[in-house]
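S.K.: Per the working numbering, residue 0 is the first one in the sequence shown, and the count goes up by one each step.
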Amino acid sequence: MPQNYALWLPKRGAAFEVGPAPYTPPGPGQVVVRVRAVAVNPVDGIPGLAYRVILPWLTFPAVIGSDVAGEVVEVGPGETRLRPGDRVLGMATGLECNRNLAAEGAFQHYAVLMNTMVSPIPDDLEFEQAAVLPLTLSTAATGLCQRDHLGLPLPTISPSDRAETVLVWGGSTSVGSNAIQLARGAGFRVVTTCSPHNFDYVRSLGAAEAVDYHGSDAAARVMKAVGDSPLAGTLAIGNGSVPKSLAVAARATGAKRIASAQPALMTRLQMLTRRRHGVHVSAIWGGTLKDNEVGPGIYVDYLPAALKAKVFRAAPEAVVVGEGLDHIPVALDRLKKGVSAQKLVVKV
Ligand SMILES: NC(=O)c1ccc[n+]([C@@H]2O[C@H](COP(=O)([O-])OP(=O)(O)OC[C@H]3O[C@@H](n4cnc5c(N)ncnc54)[C@H](OP(=O)(O)O)[C@@H]3O)[C@@H](O)[C@H]2O)c1
């Protein structure tokens, strides 16, 4: 068996440590991936106290991380779609409350992944760029397609245009970059918000209209960009996005539904003093799609073909912070300073 190494989190709030880890063979419905690149997400760098609130079930020592790109080295019994040697990306689900397993975290050399959360990638897509996708793609797909959120159709590689608009508040975030493309892949017109220096970027992903989210009149300008087109739903990403999206959804025609990417507690706090005007607001947990039709609908049925046909881009741009598990904490420190239309990645 190969020797595995992991970036261990010994306990809540402690410093990370690189050390040996068991190699865990795949069970039914699983594959083992030799991790070649990981990306970091805000949830990976949250302080000890926030861990207690956001991930109260997590047991220690833990191996965290969600975004993996690498090669399949072993497949579980009965696996026919994926084979050893396949170049793939996948979402590691070890942090999910019904998994909570170090072997299934991303930040290690050999990670055990669910086969339905793994997509083969084209030869010309580098591992570092592929690693930008999993968690934020999952979060966008959960918000857009899961029935308890916006419940929109899954994307296809040759969609027919629909008359409705999806509002993606925060289109230049990693979650937003995926959401714009998935909504377009389902045929919707997309209106989004970002800073003006990212207007061309979000348009290149398929947004019809880009609006600057800064300023007290942002919701009014978004409303104007939505125009007469009924809303199919709104994905609210970024600080303060829920109240502003609410102002738009309350006045627009169409579906009065907002899916928020902010944590449930934050979403509830933002709603406390606001009248909802009949708008349904739900908080996304980006891993829930693994247990319903949305996970395989994206990772098995859509993404491999969409990447190959180049109708879906691994976006935003990967910025490689370093090589080796010990560079992951460096990437997390850098993420806390903020990024714009970029994803921080470490080669493993
Ligand atoms: N619920 C879940 O399961 C889940 C999963 C993953 C992420 N998230 C959350 O989703 C959010 C986005 O995560 P990410 O990794 O995609 O972020 P990210 O890429 O690191 O976000 C950076 C971007 O945020 C944009 N931004 C900053 N403040 C904003 C605001 N007030 N409104 C709209 N955009 C704003 C900036 O846009 P400009 O540079 O254009 O100004 C920048 O491009 C975070 O809050 C994260 O915690 C939730």
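Where is the CB? At the ideal position from N, CA and C, for every residue including glycine.
With DSSP as the reference, label alanine 249 as helix, strand or coil.
M.R.: For this step, residue 249 is matched to residue 250 along the sequence shown. Of the three classes helix, strand and coil, the one that applies to alanine 249 here is helix, per DSSP.
S.K.: Figure out for me which residue from Arg161, Leu132 and His148 has the closest Cα to the Cα of threonine 172.
M.R.: If you number the sequence shown from 1, residue 172 lands on position 173. The residue with the shortest Cα to Cα distance from threonine 172 is Leu132.
S.K.: Closer than 8 Å to a non-hydrogen atom of ligand 1 - does that hold for the CB of isoleucine 63?
M.R.: The residue labelled residue 63 in the question sits at position 64 within the sequence shown. Because no heavy atom of ligand 1 lies under 8 Å away, the Cβ of isoleucine 63 does not count as near it: no.
S.K.: Check whether the Cβ of glutamine 261 lies closer than 8 Å to any heavy atom of ligand 1, and answer yes or no.
M.R.: Residue mapping note: residue 261 aligns to position 262 of the sequence shown, counting from 1. Yes, the beta carbon of glutamine 261 sits closer than 8 Å to at least one heavy atom of ligand 1.
S.K.: Tell me whether alanine 206 counts as near ligand 1, meaning its Cβ is closer than 8 Å to at least one heavy atom of that ligand.
M.R.: In the sequence shown, residue 206 corresponds to position 207, counting from 1. No, ligand 1 has no heavy atom inside 8 Å of this Cβ.
S.K.: Could you give the residue range of the alpha helix (DSSP H) that holds methionine 113?
M.R.: Numbered from 1 along the sequence shown, position 114 holds the residue referred to as residue 113. No alpha helix (DSSP H) holds methionine 113; the beta strand (DSSP E) holding it covers 109 to 113.
S.K.: What would DSSP say about glutamine 2, mapped onto helix, strand or coil?
M.R.: Indexing the sequence shown from 1 puts residue 2 at position 3. Residue state, collapsed to three classes: coil.
S.K.: Out of Leu88, Ala178, Leu8 and Ala101, point me to the one whose CA is closest to alanine 260's CA.
M.R.: Within the sequence shown, residue 260 is the residue found at index 261, counting from 1. Answer by Cα proximity: Ala178.
S.K.: State the start and end residues of the unbroken alpha helix (DSSP H) segment that holds isoleucine 297.
M.R.: The residue labelled residue 297 in the question sits at position 298 within the sequence shown. Premise fails: isoleucine 297 is in no alpha helix (DSSP H) and is neither H nor E.
S.K.: Can you tell me which residues form a DSSP beta bridge with lysine 346?
M.R.: Counting from 1 along the sequence shown, the entry for residue 346 is found at position 347. DSSP, once it has assigned bridges, lists Ala36 and Glu322 as partnering lysine 346.
S.K.: Taking just the CA atoms, how far does alanine 61 sit from leucine 324?
M.R.: Position 325 of the sequence shown holds residue 324. Position 62 of the sequence shown holds residue 61. Each residue's Cα considered, the two are about 14 Å apart.
S.K.: Using C-beta distances below 6 Å, list every residue in its chain close to threonine 23, excluding the 5 sequence neighbours before and after it, in chain order.
M.R.: Taking the first residue of the sequence shown as position 1, residue 23 is located at position 24. Excluding residues within five positions, the ones whose Cβ falls inside 6 Å are Ala102 and Val111.
S.K.: Could you have a look at proline 41 and say whether DSSP puts it in helix, strand or coil?
M.R.: Locating residue 41 in the sequence shown gives position 42, counting from the first residue. In the structure shown, proline 41 sits in a helix (DSSP, three-state: H, G or I).
S.K.: Leaving out five residues before and five after proline 25 in sequence, what residues of the same chain have Cβ atoms less than 7 Å from its Cβ?
M.R.: Along the sequence shown, read from residue 1 onward, the residue named residue 25 stands at position 26. Val31, Glu73, Val74, Gly75 and Val111.
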